[in-house]
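Note that my numbering gives residue 227 to position 227 of the sequence shown, counting from 1, and the numbers run on in steps of one.
The C-beta atom is built at its ideal place from N, Cα and C for all residues, glycine as well.
Below: the structure, in structure tokens.
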Amino acid sequence: MSRVKIVEAVSATTPVVALDPDIDPRFIPVHVAIVMDGNGRWAKQRSLPRIAGHRAGAENIRRIVEACVRFGVKHLTLYAFSTENWNRPEDEVRGLMTILGEVIERETPKLHAEGVKVCHLGRLDRMPRHLLRAIERATEKTRHNSRLTLNVCFNYGGRGEIVDAVRKIVQSGVPAEQIDEALIGRFLYSTGSPDPDLIIRTAGEQRLSNFLIWQAAYSEYWFTNLFWPELGKDEFKQALIDYSQRVRKFGKTADQLEQNH
1 MSRVKIVEAV
11 SATTPVVALD
21 PDIDPRFIPV
31 HVAIVMDGNG
41 RWAKQRSLPR
51 IAGHRAGAEN
61 IRRIVEACVR
71 FGVKHLTLYA
81 FSTENWNRPE
91 DEVRGLMTIL
101 GEVIERETPK
111 LHAEGVKVCH
121 LGRLDRMPRH
131 LLRAIERATE
141 KTRHNSRLTL
151 NVCFNYGGRG
161 EIVDAVRKIV
171 QSGVPAEQID
181 EALIGRFLYS
191 TGSPDPDLII
201 RTAGEQRLSN
211 FLIWQAAYSE
221 YWFTNLFWPE
231 LGKDEFKQAL
241 IDYSQRVRKF
251 GKTADQLEQN
261 H
């Protein structure tokens, strides 16, 4: 059995759509998640303030969303601001809040027109009122769209997400013996999106940084030394190509996959 046939055996849920001829549409990841790292270092290399790097990074979101629509990715999750990022300098945090609010306000009409559904993953506490309003308007306006689901992780932490899920389960009165992985999954922020098939991290770091730690159990990883503002459509396409050439075993052996095909 060829490597391609083995991949077919574990890719049955991937939608088949008309895509770039360089990528077999059967092997496009349904869900891509990105740790958008390196904005500050990008700015430092150019003798710019860190906030300029964050603005450049925010502008790059548009390019990657367009790439997802083009290639047929159905879910895109972006790690924009972690619960640990509150420890950064106050002026940088304030600037990030302003930038995200501006981007959401500006891009929502375009995203809606393209059939993109915007969702927020994370806690709402500590977030400024203007940002909360922008998020509420974006999620409400786009909630019926289905071409691409864009999850923006802001004030997000993977461990906190699990804690919040457990609290909700306890508050709902579910008996302990009825709690299983599927139930916990339904109480996570990300309910409604499948687990990520591919996680991309920019800027040369190779760690999760408290990102989707429950959902990433069987995700494939793709790392690049490029800073987030530098990751363009060509590099994103290369990540998809690399992913399409991998064999996802989900704990099984290659022999088992061959027998089941």
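Separation of residue j from residue i, as counted between CA atoms
i: R63; j: Q178; result: 43 Å
i: H112; j: Q259; result: 45 Å
i: K249; j: Y218; result: 9 Å
i: D91; j: D164; result: 29 Å
i: D24; j: V247; result: 14 Å
i: V69; j: V152; result: 16 Å
i: I184; j: I162; result: 8 Å
i: R106; j: L100; result: 10 Å
i: A203; j: G158; result: 21 Å
i: G38; j: F227; result: 5 Å
i: T191; j: A52; result: 33 Å
i: A182; j: A134; result: 32 Å
i: R46; j: R186; result: 44 Å
i: Y221; j: D20; result: 22 Å
i: R129; j: M97; result: 10 Å
i: K44; j: E102; result: 23 Å
i: L48; j: G95; result: 14 Å
i: N87; j: V174; result: 36 Å
Assigned secondary structure, residue i (DSSP; H/G/I helix, E/B strand, else coil)
i: Y221; result: strand
i: T47; result: Here the sequence assigns Ser to residue 47, which means Thr is not the residue at that position. Reduced to three states, the DSSP call for S47 is coil.
i: V118; result: strand
i: L132; result: helix
i: L76; result: strand
i: A12; result: Confidence is the limiting factor: at A12 the pLDDT is only 39, short of 50, which leaves the residue's position unreliable and the question unanswerable from this model.
Residue range of the beta strand (DSSP E) that includes residue i
i: L148; result: 148-156
Of the listed residues the options, nearest to residue i (C-alpha basis)
i: L240; options: I169, E102, I200, Q171; result: I200
i: T224; options: F211, L96, H120, D242; result: D242
i: D22; options: K252, D234, T253, R126; result: D234
i: V30; options: R147, W42, H130, D125; result: R147
i: I104; options: D197, Q206, L150; result: L150
i: R50; options: G115, V32, V116, P229; result: P229
i: F71; options: S172, H54, K237; result: K237
Range covered by the alpha helix (DSSP H) that runs through residue i
i: F236; result: 233-244
i: A216; result: Taken as a continuous stretch (DSSP letters only), A216 belongs to no alpha helix (DSSP H), as it is neither H nor E.
i: G101; result: 90-113
Closer than 6 Å: residue i CB and nearest the ligand PLP heavy atom
i: E205; result: Absence of the ligand PLP from the depicted structure is noted, as is the absence of any ligand whatsoever, leaving it without description.
Scan the stretch 26-73 and note each continuous beta strand (DSSP E) run of 3 residues or more that stays entirely inside, going in chain order. 31-35
Which runs of the beta strand (DSSP E), 3 residues or longer, sit entirely within the stretch 176-213? 198-201
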